[in-house]
Amino acid sequence: MMKLDFSSLYDRAKKFYAFLSVKGGINLPPFHTFLEITYRCNLRCEFCQFLDILRKKTPESLRERELSLSEIKRVIDQIPNHTLITITGGEPFLREDILDIVEYACLRHKVHIISNGTLITEQVAKKLNKLGSGHILRNGLFWMSISLHGDKEIHDALTGVSGSFQKTTNAIKNIQKYRIHPYPKLNLQTVINKKNVAYLSRIVEIAYGLNVRVCNFMVQDVGVHFERDKMLDKPLFMYAPTPPYIKEDLLAQSLKKAHDKALRLAIKLRYQLGGKENIIKYYSRKINIENYVCYAPWSTIGISAYGDVGLCFSCSFGNVKKQKLKEIWNNKRLTNFRRLLIKKGAFPGCAGCCFLQHK
């Protein structure tokens, strides 16, 4: 029987949603919600887009404005049934009520969690597996993306925390050990950077050893996400980010080596920006934003840990503490943003974003 490729179906659905909205004038409800439940984190990854915030603010100050459990449940109740919810952060497992949030979301939705895995103990792994979906089309915990950026030495250096590699790999082993249902599936999520670029094939080997069959290779997002307080003469999304430079031949050789190893070990590699060649262009600073498009604002909604609703560039189109999600989804400001995106396809500031799709 042919297996469903969920990522391919997801991309096609985004295009279909955008087509209906733009050509047919139909504003469909979102089918994917990103729910950021905290900006606290127990790691200090040197490439993290939240790193400046984590360094400047205490965990207590970051916690103060977070949506409460009751507020999060109220938001989940407003999300269309049987759609996908991605629970992320920060590190979501720093919230003491994380399992309550996941369990509630699983009642009427498919749930995806993004985590560094370091706080997923044996007991937590057992509870997560009980929430697993029995089928790709059923509600429940559907997928988990676990961040892993190299072997023990490289990963611990990049996260700034000794022992983080061991905790992350232990979490994956426990999730596999106590599996009850076919889901949640797992993937490793790796941000390519100067310290790990020569060792990407090692990620594939680690995935194979952990019985993980999917690896996502991501680019370092260096967009100007948190510069609202600066005096800017144009909107944030009109500023093109400058990614760290990595030599084309070095990155090309490493990606090829990882690709060849993945073929031998039957590991699926997924590449941000539409493929290996585009990742190489990104890090060599040759990416042409005119070759990309974004369909996300027609299909996907993001809710910050503080209740702000948007998707990108720290734009807030409303707040769930004050308005219904449906009202924000259809309001004038978000509608105008979509119209501007139709004209542009993508903005200079979109380079490096995980929603960006190659034409």
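In the working numbering, the protein residues as written are 3 to 361.
The beta carbon of each residue, even a glycine, is placed where N, CA and C say it ideally should be.
Helix, strand or coil at residue i [DSSP, three-state]
i: Gly-142; result: strand
i: Arg-266; result: helix
i: Lys-2; result: Absent from the model: residue 2. The displayed extent of the chain is 3 to 361, so no value can be given.
i: Tyr-294; result: strand
i: Tyr-12; result: helix
i: Asp-251; result: helix
i: His-34; result: strand
i: Lys-324; result: coil
i: His-360; result: strand
i: Asp-310; result: strand
i: Arg-230; result: Low confidence applies here, because Arg-230 scores a pLDDT of 40, under 50, leaving its location unreliable and the question unanswered by this model.
i: Thr-244; result: coil
i: Lys-112; result: strand
i: Asp-235; result: Reliability fails at Asp-235, whose pLDDT of 48 lies under 50, so the model's placement of it is uncertain and no value is given.
i: Leu-133; result: coil
i: Gly-69; result: A small correction: the amino acid at residue 69 is Leu; Gly does not occupy that position in the sequence shown. Coil.
Residue j beta carbon less than 8 Å from that of residue i
i: Val-193; j: Met-220; result: yes
i: Asn-176; j: Leu-96; result: no
i: Leu-37; j: Arg-46; result: no
i: Ile-182; j: Asn-131; result: yes
i: Glu-250; j: Ile-282; result: yes
i: Trp-331; j: Ile-303; result: yes
i: Val-295; j: Gly-351; result: no
i: Gly-92; j: Thr-40; result: yes
i: Asp-99; j: Leu-121; result: no
i: Tyr-241; j: Arg-287; result: no
i: Asn-338; j: Gly-320; result: no
i: Val-77; j: Val-322; result: yes
i: Cys-217; j: Leu-271; result: yes
i: His-111; j: Thr-88; result: no
i: Val-206; j: Lys-169; result: no
Residue i classed as buried or exposed, judged by whether at least 16 other C-beta atoms fall within 10 angstroms
i: Arg-42; result: buried
i: Tyr-185; result: buried
i: Asn-290; result: exposed
i: Leu-152; result: It is Gly, not Leu, that sits at residue 152 in the sequence shown. Buried, because 16 or more other Cβ atoms sit within 10 Å of the Cβ of Gly-152.
i: Ala-268; result: exposed
i: Leu-11; result: exposed
i: Gly-136; result: exposed
Residue i: first and last residue of the uninterrupted alpha helix (DSSP H) it sits in
i: Val-104; result: 100-108
i: Asn-218; result: Note, Asn-218: premise wrong, no alpha helix (DSSP H); beta strand (DSSP E) at 216-220.
i: His-157; result: 154-161
i: Ser-301; result: 298-301
i: Val-199; result: Neither: Val-199 is in no alpha helix (DSSP H) and is coded neither H nor E.
i: Ile-122; result: It is not in any alpha helix (DSSP H) - Ile-122 carries neither H nor E in the DSSP assignment.
i: Tyr-41; result: Neither: Tyr-41 is in no alpha helix (DSSP H) and is coded neither H nor E.
i: Phe-167; result: 166-179
Cβ shell of residue i (< 6 Å), same chain only, five flanking positions each side left out
i: Asp-235; result: Bear in mind that a pLDDT of 48 at Asp-235, under 50, signals an unreliable position, so the number given afterwards is only what the model happens to contain. Once the five neighbours on either side are set aside, Asp-235 has no close Cβ partner at all.
i: Lys-16; result: Tyr-297 and Ser-301
i: Ser-147; result: Ile-116, Asn-189 and Gln-191
i: Phe-167; result: Lys-154, His-157 and Asp-158
i: Arg-14; result: none
i: Ser-164; result: Asp-158
Residue i, enclosing beta strand (DSSP E) - first and last residue
i: Thr-337; result: Here Thr-337 belongs to no beta strand (DSSP E); instead the alpha helix (DSSP H) covers 334-346.
i: Thr-88; result: 86-90
Close-in-space but distant-in-sequence residues of the same chain around residue i (CB under 8 Å, 5 per side omitted)
i: Ser-256; result: Val-199, Ala-200, Tyr-201, Leu-202 and Ser-203
i: Pro-32; result: Ile-81, Pro-82, Thr-85, Ser-301, Thr-302, Ile-303 and Trp-331
i: Tyr-284; result: Val-221, Pro-245, Leu-275, Ala-353 and Gly-354
i: Lys-232; result: Its pLDDT being 42, under 50, Lys-232 is placed unreliably in this model, and the coordinates cannot settle the point.
Same chain, Cβ closer than 7 Å to residue i, five either side skipped, listed in chain order
i: Arg-67; result: Tyr-308
i: Glu-48; result: Leu-160 and Gly-162
i: Phe-144; result: Lys-112, Val-113, His-114, Ser-135, Tyr-185 and Pro-186
i: Tyr-210; result: Leu-267 and Ile-269
i: Asn-29; result: Ser-23 and Asn-332
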